[in-house]
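Note sheet for the following structure.
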Amino acid sequence: MVKAVVGACWGDEGKGKITDMLAADADIVVRFQGGANAGHTIVNDYGKFALHLLPSGSFNPNVTNMIGNGVALDIPQLIKELDEVVAKGVPRPNIVVSERAQVLMPYHKLFDQYEEERLSDRQFGSTKSGIAPFFSDKFSKIGFQVWELFGEEELKEKINNVLEVKNLMLEHIYHKPLLDADELYKTCKEYAAMIEPYVIDSVQFMHNAVKEGKTILLEGQLGSLKDPDFGIYPMTTSSSTLAGYGAIGAGVPPYEIKEIITVVKAYSSAVGAGAFVSEIFGEEADELRRRGGDGGEYGATTGRPRRMGWFDCVASRYGCRVQGTTAVAFTVLDVLGYLDEIPVCIGYEVDGEILCDFPTTGKLEKAKPVLKVLPGWKSDIRGIKKYEDLPENCRNYIEFIEKELEVPIKIVSNGPARSDIIMR
Ligand code: GDP
0 MVKAVVGACW GDEGKGKITD MLAADADIVV RFQGGANAGH TIVNDYGKFA
50 LHLLPSGSFN PNVTNMIGNG VALDIPQLIK ELDEVVAKGV PRPNIVVSER
100 AQVLMPYHKL FDQYEEERLS DRQFGSTKSG IAPFFSDKFS KIGFQVWELF
150 GEEELKEKIN NVLEVKNLML EHIYHKPLLD ADELYKTCKE YAAMIEPYVI
200 DSVQFMHNAV KEGKTILLEG QLGSLKDPDF GIYPMTTSSS TLAGYGAIGA
250 GVPPYEIKEI ITVVKAYSSA VGAGAFVSEI FGEEADELRR RGGDGGEYGA
300 TTGRPRRMGW FDCVASRYGC RVQGTTAVAF TVLDVLGYLD EIPVCIGYEV
350 DGEILCDFPT TGKLEKAKPV LKVLPGWKSD IRGIKKYEDL PENCRNYIEF
400 IEKELEVPIK IVSNGPARSD IIMR
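Counting in numbering that gives the first Met the number 0, the sequence shown runs from 0 upward without gaps.
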């Protein structure tokens, strides 16, 4: 049984918590896309953790955590995260890494930084983790799969070939110091030694796992609106954030993905630039940011304050649709308990027309939110375990949004802890 846990919007929906919770019944948790450029915050019995590359099953000793072939594998970052969780008392997580995953090289981070410098005020607001240069190289066929790190003469030759083009760019476009082939070879050898204990034939591994009926969780990073095809291109990320891509980035048959749990947050937040129709500003935004998430809405990787907004029915419905959602996990609902009234965005006004279907970026940038105001419930709902025990206005909020999403909300999260969960 393969399940995916993915995000509906810009990311930071609380996927980490939901995956950590669902990992209790899973055999395998797989990261299938992205890299260390975003983070999950997980609060459990061991403490509070910000994971960037480690799968969220890392706290469960019965889970095998896999870095799939679709991931941008930053080897020192992975080892650092592993050491950090172990240092905080977590039993050493069971980690495997696909031999087909590609390796994020130190120069990917440099190129990310240099390109943002070159773009200056037109920059994408990259986290400078090297993700865009990494995926450009992967699809330009000058990336390195993990197995290549173990070569000698072939590896040297490839490094020479790749650095030829990299150094041309460094010299003529960016005017930066050139890269040295011997040094990169040495780095590759260090990376090889670090990663060797974890490397497996992931195709065979997943094939056997599916055949044996193992429960496999595909863990998405970011959300639908950051997908390079269906998101707010070009303010997107560089690898697909959709459950469907799990078939490729993890290596499972597409028809085996039976459940797609899309995590939807009870209000909106976004990091980085790009259209955000229901965005709010000023004191209203500051208050929601301060009260949001677990101790405020700040990026888990960058610490940047997140942009805040009201719940966006248009974006979230679309986000669920492109994921192929079978059930929604509705999160961070407790945060809204301070509001007398809660606005939600139910349509976009573009050039005098009201849109209910999420448009392409050009129209999106012109869109103004059409808001509907719902009554608040003015109480703390943390600690409530049964749906019926939620205040009436809170249930009405959930049910209004469920209708808008057109998919059932089966899980409600009313606090950051693993136990703050209401199953419907
Ligand atoms: P992810 O990348 O989708 O996993 O999301 P993040 O970890 O970046 O952001 C979610 C934040 O909200 C984290 O700080 C979580 O601990 C917190 N969180 C998750 N679910 C809830 C919830 O139901 N209520 C509250 N108050 N915080 C939550």
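Glycine included, every Cβ here is placed at the ideal spot set by N, Cα and C.
Check: Any non-hydrogen atom of the ligand GDP within 7 Å of L332 CB; Outcome: yes
Check: Alpha-carbon spacing of D427 relative to T236, whole angstroms; Outcome: A question about residue 427 goes unanswered here, because the residues of the chain that appear run from 0 up to 423.
Check: Alpha-carbon spacing of I420 relative to G222, whole angstroms; Outcome: 21 Å
Check: Nonlocal neighbours in the same chain, by C-beta distance under 8 Å from I410, ignoring five residues either side; Outcome: I17, I260, A326, V327, A328, F329, I420, I421, M422 and R423
Check: Nonlocal neighbours in the same chain, by C-beta distance under 7 Å from L103, ignoring five residues either side; Outcome: G34, A71, L72, D73, G129 and F133
Check: Whether R381 touches D19 by CB criterion (8 Å); Outcome: no
Check: Which of helix, strand or coil DSSP assigns to D179; Outcome: coil
Check: Distance, Q203 Cα to I94 Cα; Outcome: 16 Å
Check: Own chain, CB closer than 7 Å to G46, minus 5 neighbours either side, in chain order; Outcome: K87
Check: Close beta carbons around V29, own chain, < 6 Å, minus the five adjacent residues each side; Outcome: M65, G67, L217 and A249
Check: Residue(s) in a DSSP beta bridge with R306; Outcome: A269
Check: Whole runs of the alpha helix (DSSP H) within the stretch 191-232, excluding any shorter than 4 residues; Outcome: 201-210
Check: Whole runs of the alpha helix (DSSP H) within the stretch 90-164, excluding any shorter than 4 residues; Outcome: 105-118 and 130-138
Check: Element boundaries [beta strand (DSSP E), containing E348]; Outcome: E340 to V349
Check: Among F138, G271, R306 and Q144, nearest to S125 - alpha-carbon criterion; Outcome: G271
Check: V406 (DSSP reduced to helix, strand or coil); Outcome: coil
Check: N392: CB within 7 Å of a non-hydrogen atom of the ligand GDP; Outcome: no
Check: The ligand GDP heavy atom lying under 7 Å from the CB of P415; Outcome: yes
Check: D388 CB to nearest heavy atom of the ligand GDP below 7 Å; Outcome: no
Check: Cα-Cα separation, E283 to V372; Outcome: 15 Å
Check: Opposing strand residues paired with H39 [DSSP bridges]; Outcome: L50
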